[in-house]
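One structure below.
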Amino acid sequence: MDQGVSVSTHHWERLRQERLKIGVAGLSGSGKSTFITSLIAQLRCFDEATLTSLSAHVEGRLRAVELLPPAKHREELGLFAFSKHHSQLVAETPSFPPSTERPSAIDVRINYVSRKGKRKSLIVEITDFPGEWLVDTALLEMNFEEWNSWQSKIWNEYEQGEIKEILAPLQLVNEGVDLESASSEPVSARFDEQLLKNTFENYKHYLQSKRSESGGTLYTPGQVTVPNDNVDCFPIPLFTVEEGERSRALFSLMEERYMNYVNGSVKPFYENHIKGLDRQVLLVDVQSVLHHGKQRKEEVSEALALIMGQVMFTETHSLMNWLSPHVDKIMIYATKADLVLPEDHEEMRKVVQQVAQDAIRYTKTQGASVHVEAVAAMRATRYSMDDRGEFLSAKTSEGKSVRFQNPTLIGAESLNYESFKQYALPSLQPRVKHGVPEHLRMDTAIEQILGDWLR
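Going left to right, the sequence shown walks through residues 111 to 565 as the working numbering numbers them.
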């Protein structure tokens with residue numbers, strides 16, 4: 111299907127409230143796969159699921175829910191592995207879906223009866239976005255010099271020179287530049303090809319290692335922070351730009367690679383898959399933020415603000431939004447709410463509001479609505495109380511029963527980083543009933559995301 115035809119079709123279907131495009135994003139480990147799998151499972155099994163906040167279900171208007179492959183213009187994203195994730199849920203030893211490293215897509219058709227008694231169908235396009243890829247969209251507003259200054263500052267603040275050792279061979283690359291090469295040749299032809307290739311590979315692997323450690327939120331290029339065979343041209347930040355023809359040649363090389371990356375990878379991804387979204391879900395693992403400290407909180411805050419800075423917003427239900435799809439609603443969810451006591455759920459909301467305050471403020475100034483909630487897409491714990499007080503109980507992935515109580519999330523004057531620094535839980539099993547994962551407030555989330563389209 112031609113992309114232009116697809117967009118026109120989407121406009122018409124959107125005007126008739128027949129197709130809704132939703133993006134689900136979060137930084138590494140925030141629970142995107144878990145959230146999407148649960149959302150689909152709850153809808154597919156609405157008769158067995160607990161959906162007391164989903165108005166279409168409470169009013170008895172849902173008829174059937176089925177999965178569809180993504181529309182042709184989204185095939186390049188790959189299919190979200192719902193069947194695989196769901197089979198892990200209903201296995202003898204249930205397990206959570208693994209973290210996703212690449213964007214993926216799936217469509218869900220919801221057959222329902224409107225409040226006016228008409229039989230209708232809504233196709234929900236769900237796209238799973240790694241947050242690191244969305245941080246990349248900030249590059250659309252930067253030239254190489256601005257990006258280089260930004261990344262150099264981040265590396266200098268957070269890595270204390272570690273990255274400079276990784277990129278030390280760049281000096282050898284610079285010293286080996288061929289100043290006699292014809293000016294008409296590509297800039298890359300003036301450098302030692304193998305030495306350059308090795309340096310880029312080492313940088314790529316280092317970026318990926320930082321992501322796997324739940325760090326490096328702001329490091330770009332974001333599409334390189336995960337294994338990605340489709341990106342073979344990307345820049346490296348230069349910590350100093352020295353005078354001289356050799357250094358200018360190295361600067362020109364990185365500038366060329368930067369523009370190739372932005373125009374060849376970031377811009378097409380943004381134009382084809384982000385620009386036409388109607389709703390955006392952002393997931394934040396609050397406990398991970400607290401565990402990794404204030405630096406992590408500041409990184410995530412800046413990342414969320416950068417992501418929101420590139421979203422095309424509109425006022426909720428405005429006429430312009432029917433004619434030209436823009437995001438009219440943002441949902442920001444603190445995930446894994448079942449891992450803290452119920453009395454602390456309000457604190458989770460307050461923490462995620464602090465983490466996302468710049469993103470929330472910007473979104474509201476653009477006229478879109480914002481919903482903040484604490485959810486558990488797949489619940490692993492059960493709340494109990496005995497003579498020793500309140501506690502949460504669960505089964506580990508090995509089947510061992512455990513009980514625990516979380517530290518408070520907010521201290522007397524600030525977020526409780528110190529207590530969470532030493533707080534870690536084993537891998538737990540999700541709780542499943544009748545093939546549907548137990549949850550906390552997923553029905554509220556589903557109502558916020560698409561409930562107004564099922565009226």
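Cβ coordinates follow ideal geometry from the N, Cα and C atoms, glycine included.
Relative to the C-alpha of residue i, which residue among the options is closest?
| i | options | result |
| --- | --- | --- |
| V336 | E323, P347 and G386 | E323 |
| S411 | Q281, C155 and V462 | V462 |
| A534 | M422, H402, S511 and M441 | H402 |
| V91 | L449, V465, L360 and L416 | Only positions 111 to 565 of the chain appear in this structure, which leaves residue 91 out of reach. |
| S478 | E508, H436 and E453 | Strictly speaking, residue 478 in this sequence is Ala, with Ser absent from that position. That would be H436, whose Cα lies nearest to the Cα of A478. |
| D388 | M418, E366 and M422 | M422 |
| P208 | L560, Y527 and L538 | L538 |
| D157 | K142, S163, R173 and L149 | R173 |
| N340 | K230, N253 and F379 | F379 |
| E570 | P547, S193, G141 and E211 | As displayed, the chain neither begins before 111 nor continues past 565, which places residue 570 out of reach and without an answer. |
| S524 | T237, E457 and G374 | E457 |
| M369 | L305, L249, K263 and K385 | L249 |
| A359 | T237, L280 and G139 | L280 |
| V376 | M252, A504, T554 and I556 | M252 |
| L130 | I236, P180, Y222 and E202 | I236 |
| G499 | L451, A415 and K505 | L451 |
| E123 | L149, H167, I150 and L232 | L232 |
| V485 | A555, D496, L564 and V223 | A555 |
| N168 | L199, V223 and K142 | The amino acid occupying residue 168 in the given sequence is Val; Asn does not appear at that position. Ranking the options by Cα distance to V168, first place goes to V223. |
| I273 | P347, E256 and R541 | P347 |
| D246 | T475, I384 and K505 | I384 |
| S439 | R406, K446, R229 and K474 | Checking the displayed sequence, the identity of residue 439 turns out to be Lys instead of Ser. Checked all of R406, K446, R229 and K474; the closest Cα to K439 is K474. |
| E453 | F501, D496 and F254 | F501 |
| L306 | I276, G332, S143 and R321 | I276 |
| E409 | E176, L328 and Y527 | L328 |
| S214 | G386, A191 and Q476 | A191 |
DSSP has residue i in a bridge; who is on the other side?
| i | result |
| --- | --- |
| E235 | K131 and D217 |
| I442 | L392 and V482 |
| K230 | Y222 |
| G136 | P240 and L393 |
| K543 | V546 |
| G437 | Note on residue identity: the sequence assigns Val, not Gly, to residue 437. Its beta-bridge partners are F423. |
| L250 | Looking at the DSSP assignment, L250 forms no beta bridge with any residue, so it has no partner. |
| L538 | T506 |
Measuring only the C-alpha atoms, how far is residue i from residue j?
| i | j | result |
| --- | --- | --- |
| A135 | L317 | 20 angstroms |
| V391 | F349 | 35 angstroms |
| G545 | R184 | 29 angstroms |
| L161 | S362 | 57 angstroms |
| A292 | F145 | Summary for A292: the model assigns pLDDT 48, below 50, so the residue's position carries little reliability; its value from the coordinates is reported in the next sentence. About 55 angstroms. |
| P345 | I417 | 21 angstroms |
| S529 | P517 | 6 angstroms |
| G509 | L187 | 36 angstroms |
| D342 | F239 | 20 angstroms |
| G326 | N312 | 16 angstroms |
| L149 | A166 | 15 angstroms |
| E557 | N266 | 44 angstroms |
| A201 | M488 | 15 angstroms |
| S511 | S319 | 33 angstroms |
| A444 | R154 | 24 angstroms |
| K182 | I264 | 39 angstroms |
| R551 | T330 | 34 angstroms |
| A413 | S262 | 16 angstroms |
| G561 | L164 | 7 angstroms |
| G419 | F254 | 19 angstroms |
| V482 | E366 | 41 angstroms |
| L564 | S193 | 25 angstroms |
| K142 | K226 | 35 angstroms |
| E189 | H455 | It should be pointed out that residue 189 corresponds to Leu in this sequence rather than to Glu. Cα to Cα, the separation comes out at about 33 angstroms. |
What residue range is occupied by the uninterrupted alpha helix (DSSP H) comprising residue i?
| i | result |
| --- | --- |
| M422 | Premise fails: M422 is in no alpha helix (DSSP H) and is neither H nor E. |
| D342 | That residue, D342, is in no alpha helix (DSSP H); it is neither H nor E in DSSP. |
| S143 | K142 to R154 |
| T309 | E303 to S322 |
| E158 | It is not in any alpha helix (DSSP H) - E158 carries neither H nor E in the DSSP assignment. |
| F530 | Y527 to K531 |
| K274 | E272 to I276 |
| I556 | M552 to L560 |
Residue i CB to nearest chain B CB: under 7 angstroms?
| i | result |
| --- | --- |
| D395 | Absent here is chain B; the protein component of the structure consists of one chain. |
Return yes when at least one heavy atom of the ligand GDP lies under 6 angstroms from the C-beta of residue i, else no.
| i | result |
| --- | --- |
| I273 | For the ligand GDP, the structure offers nothing, since it holds no ligand at all. |
Task: Inside the segment 446-522 only - beta strand (DSSP E) runs reaching at least 3 residues - done: 479-484, 492-496, 499-505 and 511-514
Task: Sequence ranges, alpha helix (DSSP H) only - wholly within the segment 164-207, length at least 4 - done: You should have 165-168 and 192-199.
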